[in-house]
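Colleague: For the sequence shown, numbering that gives the first Met the number 0 assigns the number 0 to the initial residue and increments by one for each residue that follows.
Let me give you the structure first, and then I'll get to my questions.
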Amino acid sequence: MKDYKTTIGASLLMLMIGLCPLIFTVIARVVTGSPTAEVYGLPVSYMIGGIFACIAAKKIFNVNVGDHIRKPELKIMLLIISAAVCYSVADIYIVNRASLLGNAQDSYSASEIYTLLTTAFMAPISEELIFRLGMLSILLIGACKNKMKYAISVCFISIPWLAVHFPKNHLRIIDILIVSVIISTIYILTKNIIYCITFHMAANCVTMLSAVTYKFFFAREYILYIALAALAITMPLMFIYICKKRNEHDFQPIGSLRAI
């Protein structure tokens with residue numbers, strides 16, 4: 000896949016494959032007229048879409064998927080989790096505090112708990128399979144190790160990534176784009192989707208927990224400053240260590256991103 004424009008088209012095809020199952024959820028919602036069908040069906044169809052994207056990457060575009068799902072290193076996992084938690088806590092105060100306070104409640108229904116759990120654990124897996132293992136892998140093939148095209152690839156997948164998260168204000172738009180760049184950079188450096196899922200899942204878990212424990216989070220302003228200080232340490236440390244291991248050839252996947 001030497002033509003980068005062709006690669007972009009292929010990545011859009013991958014996106015459509017990954018999001019296709021969501022259509023059935025929309026149809027079920029229209030046919031039944033019940034929002035319950037959407038609440039319970041959306042996470043499942045999203046996960047199916049992620050699996051479809053994974054299969055398509057391997058069967059159609061010859062991405063060696065197994066090389067991108069490898070056993071992670073514990074130290075990197077801890078750094079990634081620390082950076083994600085710090086980022087998410089800071090994000091809660093800077094971006095999501097008002098909306099979370101507005102939706103604050105003391106009890107949750109079964110469907111609401113289901114939504115919180117799927118957002119925390121299922122959505123990160125689905126989205127990373129579609130956007131990173133699917134779209135970004137294909138774009139990296141076409142980039143042929145060209146740094147400018149790598150940057151374009153990261154920016155390109157951030158557009159549909161932004162769209163599926165339905166941002167409601169300009170701060171949320173910036174937040175979603177920053178997260179996309181962070182996770183995409185992790186994937187480019189490690190070629191391991193496990194690290195991307197870990198960052199995404201850790202960040203989502205903190206946000207979902209904050210919805211339940213809002214009284215603790217929002218009663219203490221100093222948590223924001225602690226999170227920002229910790230983020231200023233953990234995020235650079237995470238990337239420095241990843242780059243160090245990359246230079247030591249610890250992240251040389253066998254046969255990954257082979258040309259189509």
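Where is the CB? At the ideal position from N, CA and C, for every residue including glycine.
Exposed or buried, what is S10 when buried is set at 16 or more other beta-carbons lying within 10 Å of its beta-carbon?
Modeller: Its Cβ being crowded by 16 or more others within 10 Å, S10 is buried.
Colleague: To the nearest angstrom, how far is it from the Cα of I93 to the Cα of F238?
Modeller: Distance between the alpha carbons of I93 and F238: 23 angstroms.
Colleague: Go ahead and label A210 buried or exposed: buried means 16 or more other beta carbons lie within 10 angstroms of its beta carbon, across all protein chains shown.
Modeller: A210 is buried by the Cβ-count criterion.
Colleague: Which ranges would you report for the beta strand (DSSP E) in the region 29-94 if only whole runs of at least 3 residues count?
Modeller: Listed in chain order, there is nothing to give.
Colleague: When DSSP labels each residue in this structure, what does R219 get in the three-state scheme?
Modeller: If DSSP states are grouped into helix, strand and coil, R219 belongs with coil.
Colleague: Around the Cβ of E126, are there at least 16 other Cβ atoms within 10 angstroms (buried) or fewer (exposed)?
Modeller: When all chains shown are included, E126 counts as buried.
Colleague: So, does the region 168-178 touch the region 128-147, judging by three or more C-beta pairs under 8 angstroms?
Modeller: The answer is no - the region 128-147 does not touch the region 168-178, with fewer than three Cβ pairs under 8 angstroms.
Colleague: Taking DSSP as the reference, what is the three-state secondary structure of K146?
Modeller: In the structure shown, K146 sits in a helix (DSSP, three-state: H, G or I).
Colleague: What separation, rounded to the nearest whole angstrom, lies between the Cα atoms of K190 and Y45?
Modeller: Taking the straight line joining both Cα atoms gives about 23 angstroms.
Colleague: Quick one: grab the DSSP three-state call for Y107.
Modeller: Coil, per DSSP.
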